[in-house]
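Chemist: The working numbering puts the first residue of the sequence shown at 45, with every later residue one more than the last.
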Amino acid sequence: MMETIRKDVVIIGGGPAGLAAALELYRRDIKDIVLIERDETLGGILNQCIHDGFGLIRFGETLTGPEYASRFIQDIRKVNLPVHSGAMVVDLTRDKEVTVASREGWLKYQAKAVILAMGCRERTRGALSIPGSRPAGIYT
45 MMETIRKDVV IIGGGPAGLA AALELYRRDI KDIVLIERDE TLGGILNQCI
95 HDGFGLIRFG ETLTGPEYAS RFIQDIRKVN LPVHSGAMVV DLTRDKEVTV
145 ASREGWLKYQ AKAVILAMGC RERTRGALSI PGSRPAGIYT
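In structure tokens form, the structure reads like this:
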């Protein structure tokens, strides 16, 4: 039987929204948080955005996506917020029970609140293994 871990907040997604939410909660003295990220590294879509233009408002300088993500990740590490990367949420109930599959095995969290910050993912047709040529005039 799986032990249930109680948390004030479970954040699903370690991209810009999840990282910002975690840091803002921490700043507001809500520290019983866990952040769950499916990929091996935090940062989400920012890791693909190699152009600059990020960070001007928040950090006062223009940064690439990975640089911007790195600033958030450093802040997460400074406050020692627990992060499960390489972990996938497989179930979320109406009662805010979150079941996670990870290298450590199955984890179950009971949260007072759950933040869904899964964001977006840019992937090419090739990366999704969709055969054929690119259709004209069809937008997703």
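Note that beta-carbon positions come from the ideal geometry of N, C-alpha and C, so glycine has one too.
For G97, which residues from the same chain have a beta carbon less than 7 Å from its beta carbon, with the 5 sequence-adjacent residues on both sides left out?
Modeler: Answer for G97: T106, listed in chain order.
Chemist: Under 9 Å, do L79 and A64 count as touching if we go by C-beta distance?
Modeler: No, they are not a contact pair.
Chemist: Let me check one thing: in DSSP terms, what residues is E81 bridge-paired to?
Modeler: Bridge partners of E81: S129.
Chemist: For Y112, which residues of its own chain have a beta-carbon under 6 Å away from its beta-carbon, when the five flanking residues on both sides are left out?
Modeler: These residues qualify, in order along the chain: L90, F98 and G99.
Chemist: With a threshold of 8 Å, establish whether the CB of L100 neighbours any heavy atom of the ligand ATP.
Modeler: Absent from the structure shown: the ligand ATP. Ligands present: none.
Chemist: Give me the DSSP bridge partner(s) of R50.
Modeler: Partner(s): Q154.
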